[in-house]
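J.: For the sequence shown, my numbering assigns the number 7 to the initial residue and increments by one for each residue that follows.
Quick reminder that beta carbons are idealized off the backbone N, C-alpha and C, glycines included.
The structure displayed is predicted, hence computed values, not measured ones.
Sharing a structure below in structure tokens format, with a few things to ask.
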Amino acid sequence: MPSISRVADRQKLKPSREPYWHRLGTGCYVGVRFMTTGSKGSWLARWRNPETGKQHTMALGTFEDLPDNKRFDAASKAAQQWFSHVGHGGSVEVVTVRDACTRYVAHLLREKGESASLDARSRFERYVFKDVRLAGLALSGLRAKHLQDWRNGLQDAPSASGEPRAASTINRDMTALRAALNLAHNEGLVATDVAWRAKLVPIKGADGRRQIYLDREQRRRLISAAQPDLAIFIRAMCMLPLRPGALAALDVGNYDKRLKTLTVGKDKAGADRSIQLPGSAAALFGDAIRDKLPSAPLLARGDGERWNKDGWKHPFKLAAKEADLPAQACMYVLRHSTITDLVAAGLPLLTVAQMSGTSVQMIEKHYGHLRAETALAALESLAL
């Protein structure tokens, strides 16, 4: 059996579809395949199941980020990790980055609902699947360098307006991929998470308090400037502290006109919740459901289709410009402004959190300062 442990020996090997193997233990081999002359080679692991006698092969990657003389040791280490993984019941299935993302989207649909699932799928389609090389990589061959390169590209890519992308947006894109890879690791589809553990760490300080707030007059101007179908959606956003995606995902059947109750299905928070609507909001939704089937979108576009980020982004910007709003204004700012008003009005943080579909901790983190200001005003009123 030709030696593959030394660079000089590997350079003498002829191109072949069949890998050259090196035995690491009983039924355990590391190998390298050279498809063309001058190729640096791609590394593989081979394991024989001692119970069935069946052999399984796993691609380990090229280790091209390492010097030639380090690749055999790195491949051997990766192979040993995989042998330990499958020996303890891990999967022998070859799962790519694309597969992991697709599995995660399905997982979100089951656990958190359509809104969270669609958001993740949209991010993967824009920033992962278009990177054909990364998407096609087997998880066993995924290296820190692959994810560092992807992260660099994510940070360098301009937004649709040509401006640099916000750090908080980059974090959300990285979080989606990291969650998909973590799920694959938790399900035993990959031996180690070392490739992404350090490279997909969120940018610090990106998710501080949202500073943009639209007062009631600004919101009224925005509604007046928006096209009719979008104006209805914006009015609803100004009346309820919902995420835009969660509002867009609602069907006619989610609103009980008799009880004036809106049932919000699973969204990012992962739990159903019911909200009793006041008269103005009840009237808005009552008009919205007229002559519609229960499965139809509760708040639809003019063409009857469901709203999504791509559908509202451009017309929202046009309306915001017409209404002379800050350039940073976006649909999500409406939720922030609504929550701000509820907290400033003295509504208990638990109630705000339940209505908003988030935790008390998150409300406290981003809006707790408003409660302190309310308390200060209350104390001031005690002065004699």
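Using beta-carbon positions only, say whether Ser123 and Val111 come within less than 7 Å of one another.
T.: Translated into the one-based positions of the sequence shown, residue 123 becomes position 117. Translated into the one-based positions of the sequence shown, residue 111 becomes position 105. Closer than 7 Å, so yes.
J.: Between the Cα of Pro5 and the Cα atoms of Gly363, Thr198, Ala150, Ala185, which residue gives the shortest distance?
T.: Any question about residue 5 goes unanswered here, given that the chain covers just 7 to 390.
J.: Would DSSP call Tyr261 helix, strand or coil?
T.: Start at 1 with the first residue of the sequence shown, and residue 261 comes out as number 255. Looking at Tyr261 - three-state DSSP - the assignment turns out to be strand.
J.: Please look up how many angstroms separate the CB atoms of Met361 and Ile238, rounded, as I've assumed it's under 8 Å.
T.: Indexing the sequence shown from 1 puts residue 361 at position 355. Indexing the sequence shown from 1 puts residue 238 at position 232. Contact flag wrong, Cβ pair sits at about 20 Å.
J.: Can the beta-carbon of Trp202 be found less than 7 Å from the beta-carbon of Leu140?
T.: Here residue 202 corresponds to residue number 196 of the sequence shown, with the count starting at 1. Here residue 140 corresponds to residue number 134 of the sequence shown, with the count starting at 1. Taking 7 Å as the Cβ cut-off, Trp202 and Leu140 do not qualify as a contacting pair.
J.: Taking Val103 as the reference, which of Ser146, Gly308, Tyr338, Arg226 has the closest Cα?
T.: As a position in the sequence shown, residue 103 is number 97, starting the count at 1. Here the closest residue by C-alpha is Ser146.
J.: Rounding to the nearest angstrom, what Cα-Cα distance links Arg226 and Leu304 in this structure?
T.: As a first step, residue 226 is located in the sequence shown; it is residue number 220 there, counting from the start. As a first step, residue 304 is located in the sequence shown; it is residue number 298 there, counting from the start. Their backbone Cα atoms lie some 22 Å apart in a straight line.
J.: In three-state terms, what does DSSP make of Leu268?
T.: Your numbering for residue 268 matches position 262 in the sequence shown. Three-state DSSP puts Leu268 in a strand.
J.: In the DSSP assignment, find the unbroken beta strand (DSSP E) run with Tyr35 in it and report its ends.
T.: Looking up residue 35 in the sequence shown gives position 29. Taken as a continuous stretch (DSSP letters only), the beta strand (DSSP E) holding Tyr35 covers 34 to 39.
J.: Can you check whether the C-beta of Ser146 is within less than 7 Å of a C-beta belonging to chain C?
T.: Within the model displayed, chain C is absent; a lone protein chain is all it includes.
J.: Under 7 Å, do Asp235 and Arg307 count as touching if we go by C-beta distance?
T.: Residue mapping note: residue 235 aligns to position 229 of the sequence shown, counting from 1. Residue mapping note: residue 307 aligns to position 301 of the sequence shown, counting from 1. Yes. Within cutoff.
J.: Let me confirm a value: Val258 is counted as buried when at least 16 other C-beta atoms fall within 10 Å, else exposed. Which label applies?
T.: For the purposes of this step, residue 258 is identified with residue 252 of the sequence shown, where counting begins at 1. The residue is buried, with at least 16 neighbouring Cβ atoms inside 10 Å.
J.: Answer with buried or exposed for Gly47, where buried requires no fewer than 16 other C-beta atoms within 10 angstroms of its C-beta.
T.: In the sequence shown, the residue the question calls residue 47 occupies position 41. Label assigned to Gly47: buried.
J.: Beta carbon of Ala85, beta carbon of Ala144: below 7 Å?
T.: Here residue 85 corresponds to residue number 79 of the sequence shown, with the count starting at 1. Here residue 144 corresponds to residue number 138 of the sequence shown, with the count starting at 1. Not closer than 7 Å, so no.
J.: Take Tyr219 and list the residues in its own chain whose beta-carbon comes closer than 8 Å to its own, dropping the five residues that flank it on each side.
T.: Position 213 of the sequence shown, counted from the first residue, corresponds to residue 219. Here the set comprises Val339, His342, Ser343, Thr346.
J.: To which residues of the same chain is Ser9 closer than 7 Å at the C-beta, ignoring the five residues directly before and after it?
T.: As a first step, residue 9 must be located in the sequence shown, where it is residue number 3. Contacts found: Asp15.
J.: Considering Ser121, what are the terminal residues of the alpha helix (DSSP H) in which it resides?
T.: Taking the sequence shown and counting its residues from 1, one reaches residue 121 at position 115. Segment 120 to 133, the alpha helix (DSSP H) holding Ser121.
J.: So, under 8 Å CB-CB, Pro247 and Leu348 are touching, yes? Tell me the CB distance rounded to an integer number of Å.
T.: On the sequence shown, residue 247 is found 241 positions in, with the first residue counted as 1. On the sequence shown, residue 348 is found 342 positions in, with the first residue counted as 1. With a Cβ gap of about 6 Å, Pro247 and Leu348 count as contacting.
J.: Suppose you measure from the CA of Pro332 to the CA of Glu223; what does that come to, to the nearest Å?
T.: Here residue 332 is taken as the residue at index 326 of the sequence shown, counted from 1. Here residue 223 is taken as the residue at index 217 of the sequence shown, counted from 1. So the alpha carbons of these two residues sit roughly 13 Å apart.
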